[in-house]
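Numbering of the sequence shown is given in my numbering, commencing with residue 669 and proceeding in unit increments.
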Amino acid sequence: MTHSFPSQLIDRFGRTVDYLRISITDRCDFRCVYCMAEDMTFLPRNQILSLEEIYLLAKTFVELGVKKIRITGGEPLVRKGALDLLASCGALEGLQELVLTTNGSQLVTAAPILKLANVKRLNISLDTLDAEKFKAITRTGDLEHVLNGIKAAKKIGFERIKLNAVILKNRNHSEVCDLVQFAVDNEIDISFIEEMPLGIVEKHNRAETYYSSDYIRADLAQKFTLQKISDNTGGPSDYYAVVNTQSRVGFISPHSHNFCSTCNRVRLTVEGRLLLCLGNEHSIDLKAILRSPDFTTKKLKQAIIESMEIKPEKHEFNVKEQPIILRYMNMTGG
Ligand code: SAM
Ligand code: SF4
669 MTHSFPSQLI DRFGRTVDYL RISITDRCDF RCVYCMAEDM TFLPRNQILS LEEIYLLAKT
729 FVELGVKKIR ITGGEPLVRK GALDLLASCG ALEGLQELVL TTNGSQLVTA APILKLANVK
789 RLNISLDTLD AEKFKAITRT GDLEHVLNGI KAAKKIGFER IKLNAVILKN RNHSEVCDLV
849 QFAVDNEIDI SFIEEMPLGI VEKHNRAETY YSSDYIRADL AQKFTLQKIS DNTGGPSDYY
909 AVVNTQSRVG FISPHSHNFC STCNRVRLTV EGRLLLCLGN EHSIDLKAIL RSPDFTTKKL
969 KQAIIESMEI KPEKHEFNVK EQPIILRYMN MTGG
């Protein structure tokens, strides 16, 4: 008997979900202050999805209408076999876009392989251009490696390279113009991200470091002319062209602007939990389904379709209070 499944995932608010973000590891070679604790304990191997399980889930989502997959982490490129997984996902029929978020530390060697794997676009995190501040924010990172990684990626030629910068008051907020100038000089894009209250990170008070996108926009107006682009990615980004340049600036503002009504995405955590909303705990356990003795693809598809019923309408974040979301960004994949 054949089963017919819908060719699109649609939630109860009529939003089509066609974008899946997958965290393929919780591990990372950096320890960014806003993302994880310095002495982070990582998950044991049997608790995280195998690369085969991740591929099967990616394939199933594409069969259910997902058009875009972002591979992220933790640092996706530190997982052994990540490049093979990317190549397999890049070959999935029906997938229009495979993209990657990385801290850039491995890009010098990985960039050519990513290009062959059909990765279209790269997001590379870069919060500062100052080597000492870079060390202070990432705790273990080396700015030079990342800058060389960005150079290597540029040389290979992806459809688009975008920098991601999390801006923290009194740590790197004074660098927003320099970061945009760096993007302009390299003919790439940049997004500024407001810090999100995911997990409690020791010795880091989010209420003190919060720097809103509105401040960043005002700082940039001193040096650049920004022109709004109506570029609806269904996400939390607002995009602007930097007038007279090739670059665009995005503002990712989960606090100040509501983007939930056009949300088109779901997230797969490294433990195989499908999160229906970044700011809520609504989720289903796909690993349990995959590892159940009576697993069938039909059951998996059914569970994914049914999960659309619990996708929340919207989220609320409040940096002044303790986080209600106890997971860390490296589990969820940013
Ligand atoms: N390791 C890769 C990287 O840093 O690009 C991919 C994973 S990282 C979790 C994805 C993005 O989330 C990065 O751009 C990072 O700066 C951002 N991020 C991490 N923790 C965050 C937080 N608490 N609030 C806002 N953005 C955060
Ligand atoms: Fe690692 Fe990315 Fe988190 Fe920084 S933001 S600790 S690079 S996962």
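The C-beta atom is built at its ideal place from N, Cα and C for all residues, glycine as well. Since we're looking at a predicted model, the values are computed, not measured.
Any heavy atom of the ligand SAM closer than 7 Å to the Cβ of residue i?
i, result
"Thr769", "yes"
"Tyr878", "no"
"Asn832", "yes"
"Gly741", "yes"
"Ser718", "no"
"Ile835", "no"
"Cys945", "no"
"Ile692", "no"
"Ile861", "yes"
"Ser921", "no"
"Ser793", "yes"
Cα-Cα, which of the options is closest to residue i?
i, options, result
"Asn873", "Met704, Leu790, Asn854, Glu743", "Met704"
"Tyr908", "Phe963, Leu894, Arg885", "Leu894"
"Arg839", "Ala804, Asp846, Glu862", "Ala804"
"Thr728", "Leu763, Leu754, Ala750", "Leu763"
"Leu734", "Glu974, Gly947, Asn932", "Reading off the sequence shown, one finds Val at residue 734, where the question assumed Leu. Nearest C-alpha to Val734: Asn932."
"Thr913", "Phe927, Glu855, Val844, Ile692", "Glu855"
"Val934", "Lys966, Ser975, Ser898, Thr965", "Ser975"
"Lys896", "Phe919, Tyr878, Ser880", "Phe919"
"Leu754", "Ala726, His950, Leu836", "Ala726"
"Tyr878", "Gly682, Lys837, Thr769", "Lys837"
"Ser905", "Phe927, Asp887, Lys891, Gln890", "Phe927"
"Arg689", "Lys736, Leu719, Leu711, Phe710", "Lys736"
"Phe802", "Tyr702, Glu731, Ser859", "Tyr702"
"Val910", "Tyr723, Asp857, Glu706, Arg959", "Asp857"
"Gln890", "Glu706, Glu876, Ser881, Cys845", "Cys845"
"Arg959", "Ser859, Ser718, Phe710, Asp679", "Ser718"
"Ser691", "Leu936, Pro961, Leu954", "Leu936"
"Glu706", "Thr965, Asn714, Gly809", "Gly809"
Say the cut is 7 Å; is the CB of residue i nearer than that to a heavy atom of the ligand SF4?
i, result
"Thr684", "no"
"Met864", "no"
"Phe802", "no"
"Cys1065", "This structure cannot speak to residue 1065, because the chain is shown only from 669 to 1002."
"Cys928", "no"
"Met704", "yes"
"Thr937", "no"
"Thr806", "yes"
"Cys696", "yes"
"Ser675", "no"
Are residue i and residue j close, meaning C-beta to C-beta below 8 Å?
i, j, result
"Pro980", "Leu944", "yes"
"Leu831", "Ile884", "no"
"Val767", "Val848", "no"
"Phe698", "Asn771", "yes"
"Ala833", "Leu794", "yes"
"Ile973", "Phe673", "yes"
"Ser921", "Glu862", "yes"
"Gly749", "Thr693", "no"
"Ile829", "Lys783", "no"
"Ser915", "Ala851", "yes"
"Ser790", "Ala799", "Note on residue identity: the sequence assigns Leu, not Ser, to residue 790. Contact flag unset, no."
"Ile952", "Lys967", "no"
"Glu939", "Ile716", "yes"
"Leu797", "Glu843", "yes"
"Leu751", "Ala785", "yes"
"Val730", "Leu760", "yes"
"Arg738", "Thr777", "no"
"Arg680", "Val746", "no"
"Leu677", "Leu732", "yes"
"Ser773", "Tyr723", "no"
Go to residue i, then tell me how far its beta strand (DSSP E) extends in each direction, as first and last residue.
i, result
"Lys788", "787-793"
"Thr769", "765-770"
"Asp906", "905-910"
"Ser691", "687-691"
"Ser840", "Strictly speaking, residue 840 in this sequence is Asn, with Ser absent from that position. Neither: Asn840 is in no beta strand (DSSP E) and is coded neither H nor E."
"Asn832", "828-834"
"Val934", "933-936"
"Leu942", "941-943"
"Val917", "916-920"
"Ile957", "Looking at the DSSP string, Ile957 is not in any beta strand (DSSP E); the run it does join, the alpha helix (DSSP H), is 954-958."
"Arg738", "736-740"
"Lys896", "894-897"
Could you tell me the boundaries of the alpha helix (DSSP H) in which residue i lies?
i, result
"Thr965", "965-975"
"Ser881", "881-889"
"Lys801", "799-806"
"Asp752", "750-758"
"Thr777", "775-784"
"Thr728", "719-731"
"Leu1036", "In the structure as shown, the chain starts at 669 and stops at 1002, and residue 1036 therefore has no counterpart that could be examined."
Checking contacts by CB at 8 Å: is residue i closer than that to chain C?
i, result
"Arg699", "The question asks about chain C, but that chain is absent: this structure has only one protein chain."
Can residue i be considered in contact with the ligand MN, in the sense that its beta carbon sits closer than 7 Å to one or more heavy atoms?
i, result
"Thr796", "Ligands present in the displayed structure are limited to the ligand SAM and the ligand SF4, and the ligand MN is not among them."
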